[in-house]
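Everything on this sheet refers to the single structure shown next.
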């Protein structure tokens with residue numbers, strides 16, 4: 181089992197599931213204020229996507245690109261998420277396969293700039309995304325979606341395998 185590949189697949193598929201479930205709530209509910217996450221489902225999803233984009237730009241050592249606002253409709257939001265997650269995943273896998281997880285890059289947003297290890301940033305982005313995904317799950321439950329998946333990695337793993345537990 182490749183732990184990085186598994187975590188990347190798990191996070192991609194699980195977060196995508198919760199974004200897809202947003203089709204079942206109204207635009208007003210997407211923006212409804214909550215006391216968790218970034219304050220709403222919409223803002224929390226946007227925060228995750230922007231973090232994927234920004235941290236990947238930083239690790240790739242390209243200027244952090246100015247991007248348009250996060251789309252309001254779920255399908256376009258999913259397209260933006262898919263692109264951001266693919267951008268991050270491809271780079272994370274290449275860093276790992278090139279044995280560069282302990283190498284560092286410079287976060288140019290800080291003044292003065294700060295060095296970070298690739299492996300630590302990859303873990304940071306994934307755990308950060310997982311935490312916010314649980315907040316989205318909680319908000320969706322509070323909005324009345326009662327049949328959501330648990331989102332646990334072990335349950336996800338078993339559900340993706342041909343063999344039962």
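In this note's numbering, the protein residues as written are 181 to 345.
Even for Gly, the Cβ is constructed at its ideal location relative to N, Cα and C.
This structure is a prediction, so every number in the text was calculated from the model and none was measured.
{"Query": "With distance defined between alpha-carbon atoms, name the residue in 297, 266, 197, 332 nearest to residue 279.", "Result": "297"}
{"Query": "CB residue 310 to CB residue 191, shorter than 8 Å?", "Result": "yes"}
{"Query": "Taking the C-alpha atoms as reference points, what is the distance between residue 323 and residue 206?", "Result": "10 Å"}
{"Query": "Measuring alpha carbon to alpha carbon, tell me which of 203, 209, 271 ends up nearest residue 233.", "Result": "271"}
{"Query": "Can you list, in chain order, the stretches of the beta strand (DSSP E) that have 3 or more residues and sit fully within the region 251 to 294?", "Result": "284 to 287"}
{"Query": "Only counting the same chain, and skipping five residues up and downstream in sequence, which positions put a Cβ closer than 6 Å to that of residue 345?", "Result": "Low local confidence applies: a pLDDT of 48 at residue 345 is under 50, so the model's placement there is unreliable, and no value is given."}
{"Query": "Would you call the region 213 to 231 and the region 280 to 295 touching, i.e. three or more CB-CB distances under 8 Å?", "Result": "no"}
{"Query": "So, helix, strand or coil for residue 245, using DSSP?", "Result": "coil"}
{"Query": "Does the separation of the CB atoms of residue 194 and residue 313 fall below 8 Å?", "Result": "yes"}
{"Query": "Out of 201, 224, 235, 226, point me to the one whose CA is closest to residue 303's CA.", "Result": "235"}
{"Query": "Taking buried to mean at least 16 other C-beta atoms within 10 Å of its own C-beta, is residue 237 buried or exposed?", "Result": "buried"}
{"Query": "DSSP three-state label for residue 202, please.", "Result": "helix"}
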